[in-house]
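Contents: one structure, followed by commentary.
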Amino acid sequence: RAADVATVLECAAFFGVQTDFAGLALDYLADRVDEIGEQAAIQLVYAMCLTGGVATHSRLLRYLFRKIGAGTAWEKHKVRIFQLWLCQQLQFP
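The numbering of the sequence shown is my numbering, which starts it at 1 and goes up by one.
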């Protein structure tokens, strides 16, 4: 499932685990962007900020940002959404 891959990527990014898995996982998710829910999109954008996936998967990033805020999952993560907004202002294309 895409949500499980998103959770693994978020955990790896949070603990600073640098592997080639992140790029492969983002490639996998780019092919399955329709299966990604709002919660998983929040996790993925956070992971992309920490691992540099923003530079390599900018198209996926645009799709994920469209999913954030589409429902009510963002209300549980207001601080994280603020952090993502701040990162968007500073580093996103």
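Yeah, the Cβ is synthetic: ideal placement off N, Cα and C, and Gly gets one too.
Membership of isoleucine 42 in the alpha helix (DSSP H) is indicated by the continuous run 38 to 51.
Residue Asp4 holds the alpha-carbon nearest to the alpha-carbon of leucine 26 among Gly71, Asp4 and Phe82.
A direct Cα-to-Cα measurement between glycine 53 and glutamate 75 gives close to 25 Å.
Contact between isoleucine 81 and alanine 41 is absent: CB atoms are separated by about 11 Å, not below the 8 Å threshold.
The DSSP-derived three-state label of alanine 73 is helix. Your pair alanine 12 and threonine 19 checks out as a contact, with CB atoms roughly 7 Å apart and the cut at 8 Å. Taking C-beta separations shorter than 7 Å and ignoring five residues to either side along the sequence, the partners of leucine 60 in its chain run Leu26, Leu29, Ala30 and Val33, following chain order.
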